[in-house]
Amino acid sequence: MKRFWEIIPGALAWTTLIGFFLLSWKLPAVVVFIIILYDLYWLLKVVYLFSHLRPSFMKMRGNMKIDWLQKIKEEKAGAWENIRHLVIFPVANEPYDVVRSAFLNVLEANYPKEKFFMVLAMEERRGEESRKIAERIEKEFGGSFGKFLATFHPADLPEEMIGKGSNEVWAAKEAKKNIIDPSGIRYESVIASVFDIDTRTGPDYFGILTHTFLSAPHPQRSSYQPIPIYTNNIHEAPFFARLIGFSSTFWQIMQEARPEQLVSFSSHSIPWKALTEVGFWETDLVSEDSRIFFQCLAYYKGDWRAEPIFYPIYLDAVTGKNVFTAVKNLYKQQRRWAWGAENLARLAQDFSADKSIPKKVRRFWFLVLFDGFYSWSTSSFIIFFFGWMPNVLGSDVFHTSVLSYNLPRITGWMLNLGSMGVLASAFLSIVILAPTMKGLKKREYLVHILQWVLTPVVFIFFSALPALDAQTRLMLSGRFRLGFWNTPKEKAA
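With our numbering as the guide, the letters of the sequence shown map in order to residues -4 to 488.
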């Protein structure tokens, strides 16, 4: 079962792409109808998704103007005082300045510092350097929070994959042993947040997280997902990294408006009680951030959801020492994200093992996950590449047909309509960047808008292609399997 569902995404993607190629040659008229229907489907989907973008964005901006600490003091008096925040920062090979910036950001949060349990999760394999960084961080910040703990994940533990997930698990277990249990605090009163080391929260993030937790219909059966915005170093990032970063941000903003399909991603928060009950993150796979959502979904027999937090957290866009390095880094990052297709196989195992999970839950999540990864690896090729293939490969008879004449006009018309979404994204990106663009010249503003013209090319090479690469590797398995790849952090944010 596991190997079957590892093979299916890649096999279906390649069958689709090769099939379009062959049909464009042998049966171009059939491909024309498929392309037109597919483009129409995506046009309607873009309209539907973008109908969620503006209200979600406006809600996020509204929440950024609220003093959430004062709000929970007024609305959640007697409840919020008991909440503690366990914040885990996994570190791979990032320099001291990047680590320090992460802790400094939490120190500047508009929230009582004594309610934070801070965990610096270092890798023992890094050697003496990790010890020195931990000592410097503890010396500067150790007394600033309720608790501080530096952990050192041992190298080469059995049945572990080297990566963020295994480091998180070690850190969480050490925090349980050395902080949570000795304090005698109830597990239900602890919210665990796992942040990438480049994560910078807005000043009121922990206030709105606490308010959301205390207001949720099922607080102990929910993940809590903020909106990641990749702007820490946006002006140093190349245009293709900016486009992918903003596209990821806009996708998350739209998903927040559809909480029935929302899944934990990147930096997120989760109730400590649930985290301990499911046995923490799995240590033998890459996509631990989304996988923990499905672990909880299976463990609680479908009684799990993601609560949207309409509030930003800020992360780094992908950069490099030069353009070539940035291209390589972005491709590897997107391939690692697309490796989340491994969740399909795990989910199939979970659902097969426990038939008490409601059928509608099993059917819904499996279809959502499958559709997401299939579209990721194929849609950009179909929309931007195969739309003109019948006119290239079709026979002379087809070239003289009405279908051949009208195909580029129909698809072009629908793409032009769809480009309104790209234009909206361009202007919305300027709104998001406005606080960081003071002093920029008018032509630099123009560059930030015009770069969106390259969206089709960027999506093919930095979204669809790495997704197809990941699914192909998952299909072939063996030496083609991916391990965890840590996106380099070039500088402090």
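No residue lacks a Cβ here, since even glycine has one placed at the ideal position from N, Cα and C.
Looking at residue i: is its Cβ nearer than 7 Å to the Cβ of residue j?
i, j, result
"A236", "V313", "yes"
"V114", "I83", "yes"
"G141", "E109", "yes"
"L310", "Y225", "yes"
"F275", "V101", "no"
"A166", "A116", "yes"
"F52", "I304", "no"
"A150", "R120", "yes"
"F260", "N338", "no"
"I287", "P223", "no"
"I455", "S372", "no"
"Y306", "I203", "yes"
"K484", "D34", "no"
"P385", "P23", "yes"
"A340", "K(-3)", "yes"
"F479", "G158", "yes"
"W75", "T205", "yes"
"A8", "Q466", "yes"
"P451", "F379", "yes"
"M72", "N481", "Here residue 72 is Ala; the residue named in the question, Met, does not match the sequence. No. Outside cutoff."
"S218", "A211", "no"
Nearest by alpha-carbon distance to residue i: which of the options is it?
i, options, result
"L449", "F234, E70, T146 and S161", "F234"
"V442", "L238, I287 and R468", "L238"
"R468", "R126, W334 and I192", "W334"
"S161", "N227, L280, F380 and Q466", "L280"
"G367", "L257, F380 and H263", "L257"
"F208", "A336, F98 and N77", "N77"
"S262", "R216, S242 and D191", "D191"
"L463", "N338, Q329 and W447", "Q329"
"D199", "I67, I29 and S375", "I67"
"E302", "S351, Q215, T373 and T278", "Q215"
"S347", "V363, Y294, W299 and L388", "Y294"
"W267", "I308, A187, E337 and G240", "A187"
"Q220", "N228, E283, P153 and R300", "R300"
"V453", "G382, I30, E231 and G240", "G240"
"E283", "S242, W20, L44 and R331", "R331"
"W383", "S19, R(-2) and T10", "S19"
"S243", "V27, G57, Q466 and S424", "S424"
"V93", "A74, D62 and R131", "R131"
"V501", "G73, F143 and M55", "Because the chain is modelled from -4 through 488, residue 501 falls outside the range shown and cannot be assessed."
"T278", "I30, E124 and H148", "H148"
"T458", "F361, K327, L471 and S472", "Residue identity check: residue 458 is Ser in the sequence provided, not Thr. If we check each option's Cα against that of S458, K327 comes out closest."
"E169", "A211, L81 and P90", "L81"
"V318", "K355, A232 and F365", "A232"
"A419", "F245, L364 and G315", "F245"
"S178", "F112, L17, D345 and I13", "F112"
"V189", "F16, A97, E272 and N324", "A97"
"L388", "E1, V27 and L64", "V27"
"K134", "L152, M156, P153 and L99", "L99"
"L17", "K354, F381, E70 and F201", "F381"
In terms of residue numbering, what span does the alpha helix (DSSP H) encompassing residue i cover?
i, result
"Y33", "P23 to N58"
"I175", "Per DSSP, I175 belongs to no alpha helix (DSSP H) and is neither H nor E."
"K68", "W63 to E70"
"Q250", "F234 to E251"
"I128", "E123 to F136"
"N510", "Residue numbering for the chain in the displayed model covers -4 to 488; residue 510 lies beyond these limits and cannot be assessed."
"H213", "It is not in any alpha helix (DSSP H) - H213 carries neither H nor E in the DSSP assignment."
"L471", "L460 to L471"
"F361", "K354 to F379"
"F446", "Sequence inspection shows Gln at residue 446; the Phe mentioned does not correspond to that position. Premise fails: Q446 is in no alpha helix (DSSP H) and is neither H nor E."
"D345", "E337 to A348"
What does DSSP give as the partner residues of residue i in its beta bridges?
i, result
"F84", "L115"
"P303", "Q220"
"R79", "V185"
"T196", "I308"
Along the beta strand (DSSP E) that carries residue i, what are the first and last residues, could you check?
i, result
"A145", "K142 to H148"
"Y219", "S217 to I224"
"I186", "V185 to V189"
Does any heavy atom of the ligand FAD sit closer than 6 Å to the C-beta of residue i?
i, result
"T196", "Absent from the structure shown: the ligand FAD. Ligands present: none."
If we define contact as Cβ-Cβ less than 7 Å, is residue i a contact residue for chain D?
i, result
"F112", "Checking the listed chains, one finds no chain D in this structure; it contains a single protein chain."
Worksheet item: Enumerated in chain order, which unbroken segments of the alpha helix (DSSP H) with a length of 4 residues or greater are wholly contained in the segment 308 to 334?
Response: 318 to 333
Item to complete: With a floor of 3 residues, list each beta strand (DSSP E) that falls wholly inside the segment 254 to 299, ordered by position along the chain.
Response: 263 to 266
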